[in-house]
Every structure is written in structure tokens, then in C-alpha cells.
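In the UniProt record's numbering, the protein residues as written are 1 to 186. All residues carry an ideal CB built from backbone N, CA and C; glycine is no exception.
As C-alpha cells, this is what we get:
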């Protein structure tokens, strides 16, 4: 399929189409989905992809930025609980395990480390509030929560989308035993 070249005037539109397509393709096919599937979904050529995003990480970071910003905004709102933040993380993970796959990837790319640090940092204040309220163990760290989120994403990535919500609820019920000493529901 040939794409007509609309020139520089289409640059912003092409970039937006690539980000939207990346979100959809990563959500359905995972972080390692072929980039050609993204360009097909965006209805742009490979050249447009690489003009805007020189590598997979650049594209993924752009695709996931809105989700991270949404988490940061929620965590910064006064009175937000850790449970609310973890609920949003879980909803985002159910929708697309690709983000967690990216931040858990064994890489020394500082861009991934920076995004991982942002997510870990946004957990700090809600975790401290939950610990002061006695809802989480005092010795837990944001890194421990990142590990729990990664474990959840690893499970969800292997399941069809239709089974993710139920499985996420079961997994959090089990994880709560270790995080705060609660007995599992059910």
C-alpha cells in the first residue's frame, strides 16, 4: 500500500497518528510488536516513523507519556490514596502490559531509567501516607511496589484481555498479604 507524501505540513498529524497507533498496537501485541504494524495502523511510511522516532524506545515513551502524566497528576492530588494510584496503575496495565514490559526491560537506556524513576517517585507520597495510616507495612519501599506491579504485569501479559481484570483482582488480594498483612478476600 502506497502512502501519498503530503510533505512537512503533515508532520504533526503523522506524529500524532504514530503515537495513537503505537498505543493500540503495543496494547494488543506487546512492546516488541513489529514497528511495521504501527506504521500500517497509522497509515504512514517507515520514513515518517523514523523521522519522528529514531528507535522503539522513543516511540514507546511518547505512546506511554500520557499514562505516566495521568499517574503523576493523580498522585500529586491532595488526599489521593495509595489504593487509588495502584488502581490506576492496574487499569493501565490491564489495558496494555507493554509499558511495564518496557520499564522492566534489562537495558541501560537512561530514558527508560528516567521513566521508571518517575513512576517509582509518584508512589512515594501515597505509600508514606498508607504506612502512617497503618494500611501498609512500615518497611515497604516504592521499589517493592514496583516489583509487585511488575509481577502483576508479567501475569497479565500472558492472559487474554478478557481475563485480566479478574486475575488482577486475585493477584492484588494475594499481594496484599505481603504488603500489609491483610488476609486474602474470599
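> Within this structure, are the beta carbons of residue 61 and residue 49 separated by less than 9 Å?
Replying inline: For residue 61 and residue 49, no; Cβs fall outside 9 Å.
>> For a test of the three-state rule: what should DSSP assign to residue 78, helix, strand or coil?
In response: DSSP places residue 78 in coil when its eight states are reduced to three.
> Shortest alpha-carbon distance to residue 170 belongs to which of 90, 76, 133?
Replying inline: Closest option to residue 170, Cα to Cα, is 90.
>> Just to confirm before moving on: does the CB-CB distance between residue 70 and residue 126 stay below 9 Å?
In response: Between residue 70 and residue 126, the CB-CB gap reaches or exceeds 9 Å.
>> If you follow the alpha helix (DSSP H) that residue 50 is in, where does it begin and where does it stop?
In response: Run containing residue 50: 46 to 52, per the alpha helix (DSSP H) assignment.
>> Using a Cβ-Cβ cutoff of less than 7 Å, which residues in the same chain neighbour residue 37 once the five nearest sequence positions on both sides are dropped?
In response: If we look at residue 37 and ignore the five residues flanking it on each side, its Cβ neighbours are 25, 29.
> What number of angstroms, rounded off, separates the C-alpha of residue 100 from the C-alpha of residue 93?
Replying inline: Between residue 100 and residue 93, the alpha-carbon positions lie close to 7 Å from each other.
> Between the Cα of residue 163 and the Cα atoms of 95, 128, 109, 143, which residue gives the shortest distance?
Replying inline: Out of 95, 128, 109, 143, 95 has the C-alpha closest to the C-alpha of residue 163.
> If you run the structure through DSSP and keep just helix, strand and coil, what is residue 32?
Replying inline: Coil at residue 32, not helix or strand.
> According to the neighbour-count rule (16 or more other Cβ atoms, all chains shown, within 10 Å of its Cβ), is residue 110 buried or exposed?
Replying inline: Exposed, because fewer than 16 other Cβ atoms sit within 10 Å of the Cβ of residue 110.
> Any idea what DSSP makes of residue 91, helix, strand or coil?
Replying inline: Residue 91: helix per DSSP, three-state reduction.
> Where does residue 127 fall in DSSP's three states?
Replying inline: Taken through DSSP and simplified to helix, strand or coil, residue 127 comes out as helix.
> For residue 148 versus residue 179, is the C-beta spacing smaller than 9 Å?
Replying inline: It is a contact, given that the beta carbons lie within the stated cut-off.
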